[in-house]
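A.B. asks: Throughout the sequence shown, residue numbering follows this note's numbering, covering 7 to 249 in sequence. Glycine included, C-beta positions come from ideal geometry on N, C-alpha and C. Here it is: the structure, laid out below.
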Amino acid sequence: LKVVKQCCGTDGVEPQYIKEEVLPHFFKHFWNHRMALDRRNYRQLVDTTVEIANKVGAAEIINRIVDDLKDENEQYRKMVMETIEKIMANLGAADIDSRLEEQLIDGILYAFQEQTTEDMVMLNGFGTIVNALGKRVKPYLPQICGTILWRLNNKSAKVRQQAADLISRIAVVMKTCQEEKLMGHLGVVLYEYLGEEYPEVLGSILGALKGIVNVIGMHKMTPPIKDLLPRLTPILKNRHEKV
């Protein structure tokens, strides 16, 4: 993998050659569940795939793995998500067409909702991909926010926390898409959850509210700041660092 990465990164190796001669074998032999289970292989495979994308373009690689965001194996889904996240952080979304964009949103929603482990891969991936797509996310925002609202009500504290964390990741994009009304609705819902008993979750809810206030502004905030402050004041006594 390291050798493939170095070779694909050199100037003499043409993108066309990589597409025709390297990629079919590369995906057939390396992109499997076994690789995702071993930490070192996982890391190196992600790095090598990202390096190849720098040469052949984001869409060329993402097209081949996007459907695996719905794979039944969670560790494998994580490897796919992390690879796509790094590629889009590097290269943006310019060469991603509308079909691939749909598959991406569908895939990241699935992967985010199906996660059982407590790490940041899905959250980071979701945030980066949505931010890279920017204004193009607008038609999907109601669905994304529906998922978030549904999960804010979950009985698992971790699920609630991740849902709130996702709001702070995508608040800027919602502003870019001029979805003030949707953000106002989220603000009202978050306000109602300020009685959250788990400090880790409460911290994330406060972070989400802060994210919304930051982009919407004090004057347009719903609920209005004058209602928000009396609810926040007693929370100041909470000793938990995150809160």
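1. Let me know if R49 comes out buried or exposed under the rule of 16 or more other beta-carbons within 10 Å of its beta-carbon.
2. In the segment 9-73, which residue ranges form an unbroken alpha helix (DSSP H) of at least 4 residues, counting only runs that do not cross its ends?
3. Do you know whose CA, among T89, K226 and K8, lies nearest A59's CA?
4. Which of the three DSSP states, helix, strand or coil, is assigned to T122?
5. Is it right to say M224 is buried, meaning 16 or more other beta carbons lie within 10 angstroms of its own, or is it exposed?
6. According to DSSP, is I102 part of a helix, a strand, or is it coil?
7. Given this structure, state the Cα-to-Cα distance separating N38 from Y82, to the nearest angstrom.
8. Please classify T16 as buried or exposed, where buried requires at least 16 other C-beta atoms within 10 Å of its C-beta.
9. What residue range is occupied by the uninterrupted alpha helix (DSSP H) comprising M94?
10. Can you give me the C-alpha to C-alpha distance between V195 and V179, rounded to a whole angstrom?
11. What are the boundary residues of the alpha helix (DSSP H) that M189 is part of?
C.D. replies: On the basis of the data shown:
1. R49 should be labelled exposed.
2. The qualifying runs are 29-36, 39-43, 45-62 and 64-71.
3. It is T89 whose Cα lies nearest to the Cα of A59.
4. The three-state reading of DSSP puts T122 in coil, since its state is none of H, G, I, E or B.
5. So M224 counts as exposed.
6. Here I102 sits in coil by DSSP.
7. Cα to Cα, N38 sits roughly 8 Å from Y82.
8. Here T16 is exposed, its C-beta having fewer than 16 other C-beta atoms within 10 Å.
9. From DSSP, the alpha helix (DSSP H) with M94 extends over E80 to L97.
10. C-alpha of V195 to C-alpha of V179: approximately 19 Å in a straight line.
11. M189: member of the alpha helix (DSSP H) spanning E186 to E198, first to last residue.
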